[in-house]
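Novice:
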Amino acid sequence: MTRPGVEREIKLRFPSVGEARRAVITSGATPVAARRLQEDTLLDTSERLLGERGCTLRVRRDGKESRVTFKGPVQPAAMKVREEIETAVGDGPTMLELLGRLGFSPSVRYQKYREEFSAPGILVAIDETPVGVFVELEGSEEGIAATASALGRTESDYIRESYLTLFRAHREALGLRGPDMLFQP
Numbered sequence: 013m014t015r016p017g018v019e020r021e022i023k024l025r026f027p028s029v030g031e032a033r034r035a036v037i038t039s040g041a042t043p044v045a046a047r048r049l050q051e052d053t054l055l056d057t058s059e060r061l062l063g064e065r066g067c068t069l070r071v072r073r074d075g076k077e078s079r080v081t082f083k084g085p086v087q088p089a090a091m092k093v094r095e096e097i098e099t100a101v102g103d104g105p106t107m108l109e110l111l112g113r114l115g116f117s118p119s120v121r122y123q124k125y126r127e128e129f130s131a132p133g134i135l136v137a138i139d140e141t142p143v144g145v146f147v148e149l150e151g152s153e154e155g156i157a158a159t160a161s162a163l164g165r166t167e168s169d170y171i172r173e174s175y176l177t178l179f180r181a182h183r184e185a186l187g188l189r190g191p192d193m194l195f196q197p
């Protein structure tokens, strides 16, 4: 998205990338972007002004491309719904430096491998993260519900939490330390 809008999405957990990919292909989704590493940096003020309001400021590096995104607070709904403003930027590291000069500093970094597909009314992504494999469905409510059903899932399977929230729960359950969700070398 390159203009103010609404992000509507869910995640569905899968036991493996192979099972996720088979399910997505079987559902009729069409490949649109090959698997690649995405590296996200979330930023906030030292007073956590964004986090306290439930908002997110993110710089994403995706191969040779970078994007800056603002996300508003999550709205109450069966799916994760929130304001999203996003635009491409020419240089992710320079954008991080610029935001630093404006009073924002990195609060957490996370990585995932993502492969993208298209289905009617939505974008389908297979995300490999350090805390598991997920299929993320983003777009219209009808498209998400239809594709989730085609994947053999129901509303009770919907995950509305962010990857960061899932990571923090995983980290706490295992007694791990550190703020960043990164793949281990």
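Under our numbering, think of the first position of the sequence shown as 13, with each following residue one higher. No residue lacks a Cβ here, since even glycine has one placed at the ideal position from N, Cα and C.
Does the region 61-74 come close enough to the region 149-167 that 3 or more CB-CB pairs lie under 8 Å?
Specialist: Judged by Cβ distances under 8 Å, the region 149-167 makes no contact with the region 61-74, as fewer than three pairs qualify.
Novice: Under the assumption that V120 contacts L178 (Cβ atoms under 8 Å), give the Cβ distance between them as a whole number of angstroms.
Specialist: The pair is not a contact, with the Cβ atoms about 13 Å apart (cut-off 8 Å).
Novice: Taking the Cβ atom as the reference point for each residue, do A89 and R20 lie within a distance shorter than 9 Å?
Specialist: Yes. Within cutoff.
Novice: I'd like to confirm the pairing. Which residues does DSSP put opposite Y125 in its beta bridges?
Specialist: Paired residue(s): L49 and E140.
Novice: Report the residue from D169, A185 and L49 whose alpha carbon sits nearest the alpha carbon of R72.
Specialist: The shortest C-alpha separation from R72 is found at L49.
Novice: In the DSSP assignment, find the unbroken alpha helix (DSSP H) run with R113 in it and report its ends.
Specialist: Counting along the chain, the alpha helix (DSSP H) containing R113 begins and ends at G104 to R113.
Novice: Quick check: V80 and V101, are their CB atoms within less than 9 Å of each other?
Specialist: Their beta carbons are under 9 Å apart, which means V80 touches V101 by this criterion.
Novice: Measuring straight from C-alpha to C-alpha, what distance separates S117 and E140?
Specialist: Answer to the nearest angstrom: the Cα atoms are 26 Å apart.
Novice: Go through its chain and collect everything with a Cβ distance to M13's Cβ below 7 Å, but skip five positions before and after it.
Specialist: For M13, the predicted structure reports a pLDDT of 41, less than 50, and the residue's modelled location is therefore unreliable. A value from the coordinates is still provided. Cβ neighbours of M13 beyond the five flanking positions: E96 and E98.
Novice: Which class does A158 belong to by DSSP, given the choice of helix, strand or coil?
Specialist: Three-state result, A158: helix.
Novice: Could you check the C-alpha separation between G190 and Y122 for me, to the nearest Å?
Specialist: So the alpha carbons of these two residues sit roughly 11 Å apart.
Novice: With distances taken from CA atoms, which of G17, V18, M91 and P43 is nearest R126?
Specialist: Closest option to R126, Cα to Cα, is P43.
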